[in-house]
Amino acid sequence: MPEVKKADDDGVQIDLISGERMENMTSMEKIRMILDGVHEGNIVILEEGLSPDEESRLIEVTMTEISPDEFNGIEIETYPQSGSTDSGLLNRLMGKDETKKLTVIGPANQIETLHKDETLISALVSRK
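In the working numbering, the protein residues as written are 4 to 131.
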């Protein structure tokens, strides 16, 4: 993996992760990559999101890692990308979960969702 320059103390690092990068990763590799970034104080944005099972597992793993002085948990917001809702009900009935959705994940003590609807997630991000 190429070396990534880290944000300095005056900024907040945002990691935009493509679906292509995540497509060959196992669920636990995805979760570990996300949590490692959030532990470092980064905001992680996933182009194609996680499956419902992966999201549940992310929350479970996060709960085991919470520690009052070091890690306060995560804030996670997701919305479907345009076009992915057309056959949403049919896909759910057929057991096909749609994961093509933008997902924003960050440290719970640094990100606050101000507004969310089907086309916009607005968040306030603070420094550590």
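We treat Cβ as the ideally placed atom computed from N, Cα and C, and that holds for glycine.
Backbone secondary structure at THR81 - three-state DSSP: strand
Cβ-Cβ separation, GLU51 to TYR82 (assumed contact under 8 Å), whole Å: TYR82 to GLU51, Cβ: 12 Å. No contact.
The segment 47-66 in contact with the segment 29-38 per 3-pair CB rule at 8 Å: yes
Euclidean distance between Cα positions of GLU78 and MET25: 20 Å
DSSP beta-bridge partners of LEU49: ILE20 and THR106
For ILE69 and VAL47, believed in contact at Cβ under 8 Å, the rounded distance: So it is not a contact: roughly 17 Å between Cβ atoms.
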